Amino acid sequence: RLRQAEESKLGADTAHQAKEALLQAEIARVTEETLRQTERLRQAEESKLGADTAHQAKEALLQAEIARVTEEALLQAERARQAEDAQRQAERMRTDEKTLRLRHETSVEAVNVETDTVERVFKRPRRDLSSSASSSSSSSDSPPGGCNGLTQLALYQLQGRMALVKKEKQECAANASRAERAADVTERRILCVVCEDAERQCLYMPCGHLVACEDCDSALQSSGAPCPICQSQIESRVAGVRLP
1 RLRQAEESKL
11 GADTAHQAKE
21 ALLQAEIARV
31 TEETLRQTER
41 LRQAEESKLG
51 ADTAHQAKEA
61 LLQAEIARVT
71 EEALLQAERA
81 RQAEDAQRQA
91 ERMRTDEKTL
101 RLRHETSVEA
111 VNVETDTVER
121 VFKRPRRDLS
131 SSASSSSSSS
141 DSPPGGCNGL
151 TQLALYQLQG
161 RMALVKKEKQ
171 ECAANASRAE
181 RAADVTERRI
191 LCVVCEDAER
201 QCLYMPCGHL
211 VACEDCDSAL
221 QSSGAPCPIC
231 QSQIESRVAG
241 VRLP
């Protein structure tokens, strides 16, 4: 009986040890699983933090790009407005020059007509003066201050008028010449700097120069050439800016 009791006790101890070993193994497994889950959570948080940082960086880049595009759009709008102002100014200059040229041409024509009239009137007193001088030399009893004096006075008056008309004619010719030179300068400002034939229609950015016509702009664009005026790189174009 004692032996059986000892064997029973030994079996109970062995079973208890086995259970305790299983419990320790389970505790170790649970602890390891908990550590793994904790590590996964930490990695997930780090990944989320990295994603948030990347998102913030992307958002900052996007905001910077939006600001740059907005600034560029405002700059292009300002340059387009300046080009329109230059277009209106050129139109006013051309209109003023045409009006001035027409006025000068009319003045020159009027002076020419008046000159012809004065010259026709001038011929007769000159002939009368010659006749009076002949008569005066052949007849010594002519009263002083007679027809000869009147003809001489008329001649002097006509000579003065003739000089005034010639002066006006010269002034009109000079004004017409200045208007012609101004018109030539304006035309050179309007024409394409490449072909000097068609009107400028393409505004280049960022320099803001209105330079070329459509055909020359296509050639410049295909060759990648810089702005013909300032030699700066052409980043964009505003086409269809037509000068009158």
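Position 125 of the sequence shown, counting from 1, maps to 125 under the UniProt record's numbering, and the rest follow consecutively. Think of the CB as a built atom: it goes at the ideal place given N, C-alpha and C, for glycine as much as any other residue. Keep in mind it's a predicted model, so treat the numbers as computed, not measured.
Of the residues R94, V211, E33, R237, the one whose Cα lies closest to the Cα of C230 is V211. Between Q56 and R40, the alpha-carbon positions lie close to 24 Å from each other. Boundaries of the beta strand (DSSP E) around S236: 236-239.
Rounded to the nearest whole angstrom, the C-alpha separation of A198 and R103 is 28 Å. Cα atoms of Q24 and L35: separation of roughly 16 Å, rounded to the nearest angstrom. As computed with DSSP, M205 is found in a beta bridge with S236. Less than 7 Å separates the beta-carbon of L203 from that of V238. Taking C-beta atoms under 8 Å as the contact rule, C195 and C213 qualify, at a distance of about 7 Å. About 5 Å separates the beta carbon of S232 from that of C207, a gap short enough to meet the 8 Å contact definition. For L210, the enclosing beta strand (DSSP E) has its first and last residue at 210-212.
Contact between R79 and M205 holds: CB atoms are separated by about 7 Å, below the 8 Å threshold.
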